[in-house]
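Note that UniProt numbering has the sequence shown beginning at 1, numbered continuously upward.
Beneath this line is the structure, given in structure tokens, with notes to follow.
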Amino acid sequence: MSAVLLKDCYEFSILRVVSLTSPFQVFLRAVELSPDVGHTKYMYLGQIHTGLEAVEYYTRGVQVLLSALDKEAQTTQVQAGAAALPVEDPHLPTAKDVSVAYCSIAEIYLTDLCMEEGAADKCREFIERALQYHHDNPEALQLMASYLFSVDRNQEGKEYLLKSVGLWLPAQKQIAASSSTEEDVQNEVPPYEWRITTAKLLIESEEYEMAVDVLEGLLEEDDEVVQVWYLSGWVCYLQLEKAKEQQEREGRQVTEQEKEECNALKEAARSYLTNAKKLYSKLRCDDQPMLDHVEQLIGELGGEVEGEDGDPGLEEDYEPCSDDDEDDDDDAAMEH
């Protein structure tokens, strides 16, 4: 363990033992003990605070990070000059840590401080800094997509979003397919809540198939999140509406296969939304606009789905259209 990390851990453990104060006060005391060493406490303080106060803590954390990286680079040069192999320490700060910290600042300007003068420019500035330190950081790429969507540069935003998802979605599928518990693979997949935001952005971008892939992975991981069931039903509904619009636009006779596909989408949407409503009641959620939309969609689709035992159940033999399904269909067509 590095000296910096050891010092942070020691300070935090001692403070928790001798103090009954809040975590906020613990971290403040840690700052007093060693203000220029250890960035972690500043990251925690940034999470606890909002607005400009959070920005100040994150900024201080970045300064400590950059100082640590400079010292690390100097040490590496000395070791190289002495013909000694540098010792890799996984606990040392990395450029990726700097990128993540800049993302935290950018997100504040995209949300809490979005009405501040110059907020959009500052948001982009910090995202660009994040990408400078880690150009393949999915979080930074998705934040850039959100920023571009917010300034009506939708096509550019979609490109950043798809690049971001492409960096981790294969790992999510690998975990789902093999029940992989390898730490390296799991580390490639962003946090659960972050992927919910990804699904929303994909739906807004009309990238429905990829949104389905993301949502399927989320349900595999945790099937007691109302919002994920709701979004799964919503994306099926939108796929159904898109198919209907295309059929009307082309003005041709609908094939039996198309009828079956539309009916499958309708039933899947009803099932997902029914589960969303039941789970909403079970967990006593408090999001009336979401519940209103769920009930509206269920009404349009013909009512709730009831399982054999009276509870909602998903169609066992149906999965909504995803990118993998399309690839399989293409392969089958080529074989014939």
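All C-beta atoms, glycine included, are put in the ideal place defined by N, C-alpha and C.
When secondary structure is reduced to three states using DSSP, Met144 falls in the helix class. Selection Ile175, Glu224, Lys158, Gln47 evaluated against Ala199 yields Lys158 as nearest (Cα-Cα). With respect to the C-alpha of Leu141, the residue from Glu116, Trp168, Ala119 having the closest C-alpha is Trp168. Asp222 and Val254 have their C-alpha atoms some 38 Å from each other. Going by C-alpha positions, Tyr237 is about 7 Å away from Lys266.
Buried is the label assigned to Phe27, since at least 16 other Cβ atoms lie within 10 Å of its Cβ. Across the structure, Arg284 and Ile105 are spaced so that their CA atoms are roughly 33 Å apart.
Segment contact: the region 64-75 against the region 102-117, fewer than three CB-CB distances shorter than 8 Å; contact not assigned.
Contact between Tyr192 and Leu218 holds, since their C-beta atoms are separated by about 7 Å, short of 8 Å. Annotation: the continuous alpha helix (DSSP H) that includes Cys262 extends over 256-283. Per DSSP, the continuous alpha helix (DSSP H) segment holding Arg129 begins and ends at 119-133. Contact annotation, Leu273 with Gly233: C-beta distance approximately 4 Å; criterion of less than 8 Å satisfied. In the DSSP annotation of this structure, the continuous segment of the alpha helix (DSSP H) that includes Arg29 starts and ends at 23-33. Across the set Asp121, Glu209, His39, Gly51, the C-alpha of His39 shows the shortest separation from the C-alpha of Ala101. Just so you know, the alpha carbons of Asp152 and Glu248 end up roughly 29 Å apart. The alpha-carbon separation between Ala264 and Ala243 amounts to approximately 12 Å. Bounds of the alpha helix (DSSP H) holding Pro170 are 154-178. Around the CB of Asp287, fewer than 16 other CB atoms lie within 10 Å, so the residue is classed as exposed.
Judged by their CB atoms, Tyr44 and Arg60 are not nearer to each other than the 7 Å cut-off. Taking 7 Å as the cut-off, the beta carbon of Leu240 is found closer than this to the beta carbon of Cys262. Around the C-beta of Phe126, 16 or more other C-beta atoms lie within 10 Å, and the residue is accordingly described as buried. Only residues of its own chain outside the window of five on either side were considered, and among them Val294 have a CB closer than 6 Å to the CB of Lys277, listed in chain order. Its chain contains Ile196, Ala199, Lys200, Ile203, Ala211, Leu215 as the residues whose beta carbon lies nearer than 8 Å to that of Leu231, once the 5 sequence neighbours on both sides are disregarded; these appear in chain order.
When C-alpha distances from Met290 are compared across Val235, Val305, Val226, the shortest belongs to Val226.
A straight-line Cα-Cα distance of about 21 Å links Ser205 and Asp136. By the Cβ-count criterion, Gly251 is exposed, with fewer than 16 other Cβ atoms from all chains shown falling within 10 Å of its own Cβ. Secondary structure at Arg195: helix, using DSSP grouped into helix, strand and coil. Between Tyr147 and Cys123, the C-beta spacing is below 7 Å. With a contact defined as Cβ atoms closer than 8 Å, Leu66 and Val98 qualify at about 7 Å. For Leu215, the enclosing alpha helix (DSSP H) stretches over residues 208-221. Non-local C-beta neighbours of Trp229 in its own chain, meaning closer than 7 Å and more than five positions away in sequence, comprise Tyr272, Asn275, Ala276, Leu279, ordered along the chain.
The C-alpha of Lys282 is placed about 38 Å away from the C-alpha of Gln246.
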